[in-house]
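What follows is one structure encoded as structure tokens, with my remarks underneath.
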Amino acid sequence: MTQHRINTGNYPPIKQYPRRLPLAKKEEAERLVKEMVDNGIIEESSGLWASPIVLVKKKDGSTRFCVDYRKLNEITIKDNYPLPRIDDTLDALNGSQWFSTLDLKSGYWQVEIQPEDKEKTAFTTVQGLWQFKIGNEVCVIAYFSKSLGKPERNYCVTRKELLAIVKSIEHFHHYLYGRKFLLRTHYASLRWLLNFREPEGQIARWIQRLQDYDFEIENRKGTSYGKADALSRKPCKKCCKHCTNAEKKFGMETDISVKVLTTEDAWSSSEVQKTQLEDSTIRPILEKKLNSEDRPSWQEISPESPATKQY
């Protein structure tokens, strides 16, 4: 993906003070900044660069959040990439029947910036110094799910994992067929199972269906998912020899003996309340909720910790 570069050469950083906003626009600026923070567009900055913001009224009455980068642009070395001639571009459309355009909301916010140049995008407001953080993050493009039939619900976890791979790959056949892709799974035995020398029955048929696709398997540790899925694991001892061999090889099954099981809560309500009031992150939230039902302004919460600001 193309990354935008802000080449300023050896020029020293430019730092400008925030401009005064009309009192009626301060809350709007705070709301827009918070919205960008919540959407992962900007982050707090501690760099040496700073540009002022400008609020522009749109035709529909809403506000466009802009940054005045004119002084930054003055010292930025311009790109000399030759632009194509307009007549050559029009000639290239000869014989075409369809012409497509793409319009993005807040298009400039969609451009990835080189990591070393992010601090140059910093802008200053009464809330502090912020910089754009748009990067090449991995995002979910589409989801796929399927209800299991009665026989499928009796599958062991290894068969269910393999079934999920088969169904999901075939569901996205239009995008995956004919190109190499990476398959991430948190079940390590699947890599061994797909390379099994003498598969039989259903396993053999599934593996044959997957042979039409070109992909690599990457094992992703269960700890990276941030959730526990041990309760969904059904032992494979009575299911099939393929799954049993895989679990022996990768140690996927462990016997656990539970000695004591209790439902008694070790924390009383008074102890929880006392502990929350002693916590520097939770205490400001409780106090503001108990004292008023109105949402606090940014000036009230700006001195608090970053964890408190998230709430």
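For the sequence shown, my numbering begins at 2 and goes up steadily by one.
Each residue gets a CB set at the ideal place from its N, CA and C atoms; glycine is no exception.
Being a predicted model, the structure only gives us computed values, none of them experimental.
Residues near Leu-130 in its chain [Cβ-Cβ closer than 8 Å; skip 5 each side]: Glu-45, Ser-46, Ser-47, Gly-48, Ala-51, Ala-123, Phe-124
Which listed residue (Cys-140, Thr-126, Thr-159, Val-167) has its alpha carbon closest to that of Ser-146: Val-167
Own chain residues within Cβ distance below 7 Å of Ala-229, not counting five before or after: Note that Ala-229 scores a pLDDT of 46, beneath 50, so its modelled location is shaky; the value from the coordinates is reported in the next line. Here the set comprises nothing.
DSSP-derived helix/strand/coil call for Ala-165: helix
Which of helix, strand or coil DSSP assigns to Ser-52: strand
From Lys-58, Ile-15, Cys-67, residue whose alpha carbon lies closest to that of Met-37: Cys-67
Helix, strand or coil at Lys-151 [DSSP, three-state]: helix
Beta-carbon proximity of Lys-161 to Phe-216, cut-off 8 Å: no
Inter-residue CB distance, Gln-115 and Arg-6 (contact presumed, cutoff 8 Å): 5 Å
First through last residue of the beta strand (DSSP E) which encompasses Lys-181: 181-186
When Lys-35, Leu-278, Ile-43 are compared against Lys-134, the one with the closest alpha-carbon: Ile-43
Contact set for Val-112: own chain, Cβ-Cβ below 6 Å, skip 5 residues either direction: His-5
Cut-off 6 Å between Cβ atoms - residues of its own chain near Ile-76, not counting five sequence neighbours on either side: Thr-9, Tyr-12
Cβ-based neighbour list, Tyr-156, same chain, cut-off 6 Å, excluding 5 preceding and 5 following: none
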